[in-house]
Amino acid sequence: MQKTSARLLALLSLLQTRRDPSGWSGGELAERLAVTPRTVRRDIGRLRELGYPVTTVKGPAGGYRLGAGTRVPPLLFEDDEAVALAVALHTAADGTAVAEDAARALTALGKVLPSRLRHRIELLRGTVAAPAPAPGGAAPDPRVVVELSRAVHAREQLRFDHTGGPGTAAGGPRRVEPHHLATRHGRWYLVAWDLDRADWRIFRVDRVRPRTPTGPRFAPRALPARSVSAFLTGRLRGTDGGTPDWPCRGEAVLGRPAAEVAPFAGDGLVEELGPDRCRLTTGSWSWTALAAALGRFDTTLARVRPPELRAACARLAARYAAAAEPGPE
Numbered sequence: 005m006q007k008t009s010a011r012l013l014a015l016l017s018l019l020q021t022r023r024d025p026s027g028w029s030g031g032e033l034a035e036r037l038a039v040t041p042r043t044v045r046r047d048i049g050r051l052r053e054l055g056y057p058v059t060t061v062k063g064p065a066g067g068y069r070l071g072a073g074t075r076v077p078p079l080l081f082e083d084d085e086a087v088a089l090a091v092a093l094h095t096a097a098d099g100t101a102v103a104e105d106a107a108r109a110l111t112a113l114g115k116v117l118p119s120r121l122r123h124r125i126e127l128l129r130g131t132v133a134a135p136a137p138a139p140g141g142a143a144p145d146p147r148v149v150v151e152l153s154r155a156v157h158a159r160e161q162l163r164f165d166h167t168g169g170p171g172t173a174a175g176g177p178r179r180v181e182p183h184h185l186a187t188r189h190g191r192w193y194l195v196a197w198d199l200d201r202a203d204w205r206i207f208r209v210d211r212v213r214p215r216t217p218t219g220p221r222f223a224p225r226a227l228p229a230r231s232v233s234a235f236l237t238g239r240l241r242g243t244d245g246g247t248p249d250w251p252c253r254g255e256a257v258l259g260r261p262a263a264e265v266a267p268f269a270g271d272g273l274v275e276e277l278g279p280d281r282c283r284l285t286t287g288s289w290s291w292t293a294l295a296a297a298l299g300r301f302d303t304t305l306a307r308v309r310p311p312e313l314r315a316a317c318a319r320l321a322a323r324y325a326a327a328a329e330p331g332p333e
């Protein structure tokens with residue numbers, strides 16, 4: 005028979021895994037733990053004394069289940085669950101509203117993990133590329149994150165399959181030198197030197213499927229930017245990564261109050277010019293895209309600069325005017 009402490013941990017683990025409202029019957033728990041139903045009842049009482057809210061479900065199909073209490077008791081996690089929790093906390097600690105609490109929780113988790121798991125989680129050295137997370141971030145497989153992080157830390161070449169998006173088939177295997185893991189707006193990215201294309205590339209981690217084994221070790225290269233954050237932001241904005249600025253940047257005076265424009269201005273700068281006017285300075289990957297972004301505020305535009313942005317507005321105006329003409333159905 006197991007010692008009482010070990011048996012209590014095993015009992016707690018079973019109670020955590022059963023999500024059925026009826027819970028575990030006393031007979032099922034006794035069979036799983038190789039003890040008598042009387043011992044199960046005593047152990048349930050011990051867990052309650054320790055603060056675990058074990059409830060009794062009445063009826064022929066009833067039993068015991070772990071309920072919600074007034075405080076958080078100690079919890080048990082399987083290895084993969086602990087790694088997944090660490091990945092989630094690491095992402096949440098990257099500039100979110102709960103960043104400080106997430107960082108403390110991640111530190112506390114690291115202190116109680118066995119060495120085999122602590123080593124895996126310590127490899128999660130992602131770099132925050134932007135402090136403002138957005139909804140809809142993709143959730144990569146924690147095991148993939150850990151594997152990529154291990155390769156980054158060990159400076160080992162990687163081979164993996166990478167899909168370009170929904171409905172896009174995976175191409176041939178990519179061969180890269182993985183340099184950094186980074187998070188931006190809730191997504192994980194791998195910053196790597198593509199060996200076949202002889203250029204820097206970024207890959208969404210949720211679209212990466214590593215192949216084994218990893219390749220030989222490599223010497224780190226210098227990024228063509230002042231930081232990982234600047235490189236990733238620049239690449240996602242359509243530049244070569246050397247600068248985080250938008251390739252096209254302009255301004256216009258909008259016939260709307262600043263308070264109405266600011267929530268939808270993204271990383272643009274909104275200046276109040278009066279009760280019904282404001283100046284918006286913002287950027288995009290092309291002049292046409294920037295002109296279209298100004299048009300979505302559905303108001304008058306004035307003092308549009310620079311000339312390239314005015315020309316893009318004229319091109320869009322001509323296209324929309326042509327589209328508004330009646331034509332054959």
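For the working numbering, add 4 to where a residue sits in the sequence shown, where the first one is 1. Note that beta-carbon positions come from the ideal geometry of N, C-alpha and C, so glycine has one too.
Option nearest residue i by Cα separation, candidates the options
| i | options | result |
| --- | --- | --- |
| A88 | P118, S119, V150 | V150 |
| R69 | L19, G49, P41 | L19 |
| D83 | R50, S119, G71 | S119 |
| G238 | L258, I206, R211, E264 | I206 |
| L12 | L240, P214, V44, R253 | V44 |
| E276 | F268, E264, G287, G270 | E264 |
| A266 | L194, T286, G190, T8 | T286 |
| R159 | A318, W197, R42, H166 | W197 |
| W204 | H184, T218, G31 | H184 |
| V232 | G219, G246, P220, G242 | G246 |
| T303 | P217, L258, T218, P144 | L258 |
| L117 | D145, F81, L93, P144 | F81 |
Beta-bridge partners of residue i, as assigned by DSSP
| i | result |
| --- | --- |
| I206 | V195 |
| L185 | L194 |
| E255 | T285, R309 |
| L70 | V58 |
| V212 | H166 |
| L273 | T285 |
Per-residue DSSP class, three states only, for residue i
| i | result |
| --- | --- |
| W291 | helix |
| V39 | coil |
| V132 | Because V132 carries a pLDDT of 46, less than 50, the predicted location of this residue cannot be relied on, and the following value inherits that uncertainty. Residue state, collapsed to three classes: strand. |
| P267 | helix |
| G278 | strand |
| P139 | Confidence in P139 is poor, its pLDDT being 46 and thus under 50, which makes the residue's placement unreliable; the coordinate value appears in the next sentence. DSSP places P139 in coil when its eight states are reduced to three. |
| T59 | strand |
| F4 | There is simply no residue 4 to check, as the chain begins at 5 and stops at 333 in what is shown. |
| L15 | helix |
| D249 | coil |
| D165 | strand |
| L117 | coil |
| E160 | strand |
| R179 | strand |
| R314 | helix |
| L227 | coil |
| R221 | strand |
| R45 | helix |
Sub-9 Å separation of residue i and residue j beta-carbons
| i | j | result |
| --- | --- | --- |
| R300 | D280 | no |
| Q161 | F235 | no |
| W289 | P251 | yes |
| V195 | V148 | no |
| P224 | R163 | no |
| R253 | L294 | yes |
| L152 | P177 | no |
| L15 | L33 | yes |
Any non-hydrogen atom of the ligand SAM closer than 8 Å to residue i Cβ
| i | result |
| --- | --- |
| R159 | Questions concerning the ligand SAM fall outside what the structure shown contains, since it holds no ligand whatsoever. |
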